[in-house]
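Colleague: Please find one structure pasted underneath; my questions will follow.
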Amino acid sequence: MANSSELKDLEQKTYRATHSDGVIDVFVGVSMVLIGAAWIVFPNVLSGVTAGVAVCISPMLAWRRRFLEARTGYVKFAESRRRWERRIYTTAAVLFGGFMVLARPLGALQPGEVDWRVNPDSLVVWLVATVLLVLAMLTKVSRLYGYALVLVVAGAAPVVTGDSFGWPLFISGVVIAAVGSMLLRRFVSQHPLV
Amino acid sequence: MTEQPSPTQQPQVEIDRLIHEPARLIIVATLYVVDEADFVYLAQQTGLTAGNMNSHMARLVNADYVSFEKTFAANRPRTIYRLTEKGRTAIQQYRQQVGNLLAPIEPNTHA
């Protein structure tokens, strides 16, 4: 406790500990599976599915807060941390939602055009991977690096094969949801209802 | 044979013993980096039993380092703790005291 960097580390560690439950991972993973599946099978409803996922974010966060408080107790972080968190999540949601609902339909190219340099569809994979990477660096939650890596690897496949860019989202979503489920299961067993 | 200090002898270095106790140090440090937290959260952070936590919290509250508020959440009572200005100053002073105490010690001098 000898210097302020140690207090900052403690704050980081405390904050990180509140993200070990896996609920957000499961939500993000399932959302990516749904969006990826819609992209592959029903491209016409893709914007609707994305908007539906966006609508669920707020109720999910409220439910998660109650879920965590019932098991690990209540904690409120400093205003600066909450402001930072709101800014990060809003930026990520606006970037992803804006791309899926506006940019992608407007800039859609012919099927088969899969060059990542010209196909705006490929951008979504790099966009999500970048968001995950930035989040990983800022929160120091190491599994986010793994998620970004899975997305980049899965995202490279359609560039080669010419498949839909829904596949990388779908595959990464399955991985993220599976990891989240394991974390959630461990969290529930370690933190029974108080 | 070590020389025992006389009772009137003043210690060279002042350390706030209320904060110096490990469990209370974790409680105060946690409350320093967050706005507020409830009893359950702090008990989980420190790994203390409810009885021990109560005893430590009572000492911190009596010293006016921590304030508390009793509320209800989902029809269950909840006690929320916050660090007071006095508590905040105390932990800053404690950091200073420990820093001063350890400053002359070079790291790895006995490695």
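Chains as they are written, first to last, in my numbering: chain A, 1 to 194; chain B, 1001 to 1111. A virtual CB, placed ideally from N, CA and C, is assigned to each residue, including glycine.
Using a C-beta cutoff of 8 Å, does D1035 (chain B) count as contacting chain A?
Modeller: For the purposes of this step, residue 1035 (chain B) is identified with residue 35 of the second sequence, where counting begins at 1. At least one chain A Cβ lies under 8 Å of D1035 (chain B).
Colleague: Considering just the uninterrupted stretch of the beta strand (DSSP E) at I1080 (chain B), what are its terminal residues?
Modeller: Within the second sequence, the letter at position 80 stands for residue 1080 (chain B). Unbroken beta strand (DSSP E) run through I1080 (chain B): R1076 to L1083.
Colleague: Across the stretch 1077-1089 of chain B and the stretch 1018-1038 of chain B, are there enough close Cβ pairs to call them in contact, namely three or more that are closer than 8 Å?
Modeller: Touching, yes.
Colleague: Is any beta-carbon of chain A found at less than 8 Å from that of R1088 (chain B)?
Modeller: Here residue 1088 (chain B) refers to the residue found at position 88 when the second sequence is read from its first residue. R1088 (chain B) does not count as touching chain A.
Colleague: So the candidates are A:Y147, A:G162 and A:F170; which of them puts its Cα closest to the Cα of A136 (chain A)?
Modeller: Locating residue 136 (chain A) in the first sequence gives position 136, counting from the first residue. Comparing Cα positions, the closest option is A:Y147.
Colleague: Once DSSP output is grouped into helix, strand and coil, what is the label at A154 (chain A)?
Modeller: In the first sequence, counting from the first residue as 1, residue 154 (chain A) sits at position 154. Three-state DSSP puts A154 (chain A) in a helix.
Colleague: With a cut-off of 8 Å, does the C-beta of G22 (chain A) fall near any C-beta of chain B?
Modeller: Taking the first sequence and counting its residues from 1, the one referred to as residue 22 (chain A) is at position 22. Not an interface residue.
Colleague: Assign T50 (chain A) to buried or exposed, taking buried as 16 or more other Cβ atoms, counted over all protein chains shown, within 10 Å of its Cβ.
Modeller: Here residue 50 (chain A) refers to the residue found at position 50 of the first sequence. It is buried - the Cβ of T50 (chain A) has at least 16 other Cβ atoms within 10 Å.
Colleague: Among A:S164, A:L184, A:V125 and A:V194, which has the Cα closest to the Cα of F42 (chain A)?
Modeller: Position 42 of the first sequence, counted from the start, is the residue given in the question as residue 42 (chain A). For F42 (chain A), the nearest C-alpha among the options comes from A:S164.
Colleague: Could you tell me whether the Cβ atoms of T1049 (chain B) and I1027 (chain B) are closer together than 8 Å?
Modeller: Taking the first residue of the second sequence as position 1, residue 1049 (chain B) is located at position 49. Taking the first residue of the second sequence as position 1, residue 1027 (chain B) is located at position 27. In this structure, I1027 (chain B) does not lie closer than 8 Å to T1049 (chain B) by Cβ.
Colleague: Would you say Q1044 (chain B) faces chain A, with C-beta separation under 8 Å as the test?
Modeller: For the purposes of this step, residue 1044 (chain B) is taken as the residue at position 44 of the second sequence. By this cut-off, Q1044 (chain B) is an interface position.
Colleague: What residues from chain B crowd round V75 (chain A), counting only those whose CB sits closer than 7 Å?
Modeller: If you number the first sequence from 1, residue 75 (chain A) lands on position 75. Ordered by position in chain B, the residues that pass the 7 Å Cβ test against V75 (chain A) are V1034, A1037 and Y1041.
Colleague: Please report the residue range of the alpha helix (DSSP H) in which F213 (chain A) lies.
Modeller: The structure shown does not extend to residue 213 (chain A), since chain A is modelled only from 1 through 194, so no value can be given for it.
Colleague: Return the first residue and the last residue of the alpha helix (DSSP H) that F229 (chain A) is part of.
Modeller: Past the boundaries of the shown model lies residue 229 (chain A); chain A is included only from 1 to 194, so the question cannot be answered.
Colleague: Do we get a CB-CB distance below 8 Å when we pair I1080 (chain B) with the residues of chain A?
Modeller: Residue 1080 (chain B) sits at position 80 when you count from the first residue of the second sequence. Taking Cβ atoms only, chain A reaches closer than 8 Å to I1080 (chain B), which makes this a yes.
Colleague: If you draw a straight line from the C-alpha of P957 (chain B) to the C-alpha of R1017 (chain B), how long is it?
Modeller: Given that chain B is displayed from residue 1001 to residue 1111, the structure contains no residue 957 (chain B) and the question cannot be resolved.
Colleague: Let me make sure I understand the geometry here. Which of A:R185, A:S142, A:I171 and A:V174 has the alpha-carbon closest to that of K198 (chain A)?
Modeller: The requested residue 198 (chain A) is not part of the displayed model; chain A covers only 1 to 194.
Colleague: Given that a residue counts as buried once 16 or more other Cβ atoms are within 10 Å of its Cβ, and exposed if not, what is I1015 (chain B)?
Modeller: Your numbering for residue 1015 (chain B) matches position 15 in the second sequence. Label assigned to I1015 (chain B): exposed.
Colleague: What residues match up with A1037 (chain B) in a beta bridge as DSSP calls it?
Modeller: For the purposes of this step, residue 1037 (chain B) is taken as the residue at position 37 of the second sequence. Answer by DSSP bridge pairing, in chain order: A:V75 and B:Y1081.
Colleague: In this structure, does DSSP put D9 (chain A) in helix, strand or coil?
Modeller: For the purposes of this step, residue 9 (chain A) is identified with residue 9 of the first sequence, where counting begins at 1. DSSP places D9 (chain A) in helix when its eight states are reduced to three.
Colleague: Do I176 (chain A) and D25 (chain A) come within 8 Å of each other at the CB atom, strictly closer than that value?
Modeller: Counting from one through the first sequence, the residue named residue 25 (chain A) turns up at place 25. Counting from one through the first sequence, the residue named residue 176 (chain A) turns up at place 176. Against a cut-off of 8 Å, the Cβ pair of I176 (chain A) and D25 (chain A) comes out as a contact.
Colleague: Where does the unbroken alpha helix (DSSP H) through S1055 (chain B) begin, and where does it stop?
Modeller: Position 55 of the second sequence, counted from the first residue, corresponds to residue 1055 (chain B). Where S1055 (chain B) is concerned, the enclosing alpha helix (DSSP H) stretches over A1050 to N1062.
Colleague: If you count every other CB in all the chains shown that lies within 10 Å of the CB of G173 (chain A), and 16 or more means buried, which is it?
Modeller: Numbered from 1 along the first sequence, position 173 holds the residue referred to as residue 173 (chain A). G173 (chain A) comes out buried.
Colleague: Can you grab the Cα-Cα spacing for the pair G36 (chain A) / W167 (chain A), in whole Å?
Modeller: The residue you call residue 36 (chain A) lines up with position 36 of the first sequence. The residue you call residue 167 (chain A) lines up with position 167 of the first sequence. Straight-line Cα distance between these residues: approximately 6 Å.
Colleague: In the DSSP assignment, what residue or residues form a beta bridge with A1117 (chain B)?
Modeller: Shown here, chain B extends from 1001 to 1111; a query on residue 1117 (chain B) therefore has no answer.
Colleague: What's the C-alpha gap between V118 (chain A) and E79 (chain A)?
Modeller: Walking along the first sequence from the start, residue 118 (chain A) turns up at place 118. Walking along the first sequence from the start, residue 79 (chain A) turns up at place 79. Because the pLDDT of V118 (chain A) is 49, which lies under 50, any placement of that residue in the model is unreliable, and the number read from its coordinates should be weighed accordingly. V118 (chain A) and E79 (chain A): Cα-Cα distance of roughly 42 Å.
Colleague: Relative to the alpha-carbon of H210 (chain A), which residue among A:T91, A:L169, A:E69 and A:V128 has its alpha-carbon at the smallest distance?
Modeller: Outside the shown range of chain A (1 to 194) lies residue 210 (chain A), about which nothing can therefore be said.
Colleague: Return yes when the Cβ of L151 (chain A) is within less than 8 Å of the Cβ of A129 (chain A), no when it is not.
Modeller: Counting from one through the first sequence, the residue named residue 129 (chain A) turns up at place 129. Counting from one through the first sequence, the residue named residue 151 (chain A) turns up at place 151. Their beta carbons are under 8 Å apart, which means A129 (chain A) touches L151 (chain A) by this criterion.
Colleague: Within the same chain, show all residues whose beta-carbon is closer than 8 Å to that of T1002 (chain B), passing over the 5 residues directly before and after it, in chain order.
Modeller: Position 2 of the second sequence, counting from 1, holds the residue named residue 1002 (chain B). Summary for T1002 (chain B): the model assigns pLDDT 48, below 50, so the residue's position carries little reliability, and this model does not support an answer.
Colleague: What is the DSSP secondary structure of S172 (chain A), reduced to helix, strand or coil?
Modeller: Here residue 172 (chain A) refers to the residue found at position 172 of the first sequence. Of the three classes helix, strand and coil, the one that applies to S172 (chain A) here is helix, per DSSP.
Colleague: Assuming V1098 (chain B) and T1084 (chain B) make a contact with CB atoms under 8 Å, what is their CB distance in whole Å?
Modeller: Within the second sequence, numbered from 1, the residue matching residue 1098 (chain B) stands at position 98. Within the second sequence, numbered from 1, the residue matching residue 1084 (chain B) stands at position 84. V1098 (chain B) to T1084 (chain B), Cβ: 21 Å. No contact.
Colleague: V128 (chain A) versus chain B: which residues are under 7 Å apart at the beta carbon?
Modeller: Locating residue 128 (chain A) in the first sequence gives position 128, where the first residue counts as 1. Result: empty, since nearest Cβ-Cβ is about 30 Å, beyond 7 Å.
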